[in-house]
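Everything below concerns the one structure shown next.
Numbering (this note's numbering), first residue to last: 26 to 256.
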């Protein structure tokens, strides 16, 4: 089993770079068709760019806390994986507001983080966003505007280790078939764990806001082999 999150992603990218590993449906996808699909290679690129941003802009690493005030979304997965790739700690829920770096989709929490002396990153959740569509607080970094300028490759610290994290993911997936195609509505607190669990089985994830509200035929269309409801 891989010892680190980056090693697990690299393993998937090397074995089968083009297979979809993370597919996301928006809350109103039945009407809008909002769907994003990332292969192992594309997901790894997003994670690398975001990890490089964290290190270059905020000197993120072991001892740094990255707070995520984001919903069930593919970008939330990217940020969680990227933070772990730097060795930083991921903070979710109410405690996210007190993290060294707050990543949020709303201006209010970002402004509050800056006011207390923290760092802030604004993330626009629109599929093709090239900049933050809200009122960007002074001092907040606009993720969509700058992320593409960071390197596609990220070199993790040599002493990085995620043994307990990955062991827990593997245990959660112990009864899942190899190559599992998981449909789940796991919220931010469980999203990355569900993704990593599927990845330990060389599988993939279809992430939705609510399994029971997903459009008819999605499970069949996505060739889902396992469903994990958390709501």
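A virtual CB, placed ideally from N, CA and C, is assigned to each residue, including glycine.
Note that the structure is predicted; figures quoted are calculated from it, not measured.
Distance between beta carbons of residue j and residue i, contact taken as under 8 Å
i	j	result
residue 48	residue 56	The Cβ separation is near 18 Å, so there is no contact.
residue 65	residue 46	5 Å
residue 83	residue 126	5 Å
residue 150	residue 100	7 Å
residue 30	residue 179	The Cβ separation is near 11 Å, so there is no contact.
residue 102	residue 75	Wrong, their Cβ atoms sit about 11 Å apart, outside the cutoff.
residue 197	residue 218	7 Å
Per-residue DSSP class, three states only, for residue i
i	result
residue 209	strand
residue 2	Lying before the first or after the last residue shown, residue 2 is absent from the chain, which here runs from 26 to 256.
residue 27	coil
residue 252	strand
residue 161	coil
residue 103	helix
residue 121	helix
residue 173	helix
residue 71	helix
residue 156	coil
residue 109	helix
residue 178	coil
residue 79	helix
residue 188	helix
residue 237	helix
residue 84	coil
residue 58	coil
Cα-Cα separation, residue i to residue j
i	j	result
residue 233	residue 254	10 Å
residue 247	residue 206	8 Å
residue 134	residue 78	20 Å
residue 96	residue 168	16 Å
residue 193	residue 159	38 Å
residue 173	residue 152	15 Å
residue 251	residue 208	6 Å
residue 204	residue 162	43 Å
residue 110	residue 116	15 Å
residue 166	residue 122	16 Å
residue 242	residue 236	12 Å
residue 88	residue 145	17 Å
residue 54	residue 238	10 Å
residue 210	residue 32	26 Å
residue 199	residue 105	23 Å
residue 136	residue 245	43 Å
residue 140	residue 156	22 Å
residue 63	residue 226	17 Å
residue 23	residue 147	The structure shown has nothing for residue 23, since the chain only spans 26 to 256.
residue 85	residue 191	21 Å
Spatially closest choice to residue i from the options, by CA coordinates
i	options	result
residue 39	101, 69, 53, 189	69
residue 90	73, 187, 143	143
residue 71	171, 119, 54	171
residue 176	164, 107, 116	107
residue 34	212, 221, 112	221
residue 201	190, 224, 182, 212	224
residue 228	212, 195, 211	195
residue 20	93, 86, 141	Past the boundaries of the shown model lies residue 20; the chain is included only from 26 to 256, so the question cannot be answered.
residue 183	112, 119, 42, 147	112
residue 41	118, 67, 191	67
residue 249	189, 256, 231	231
DSSP bridge partner residues for residue i (one or two, in chain order)
i	result
residue 90	114
residue 167	147
residue 127	92, 145
residue 45	64
residue 229	206
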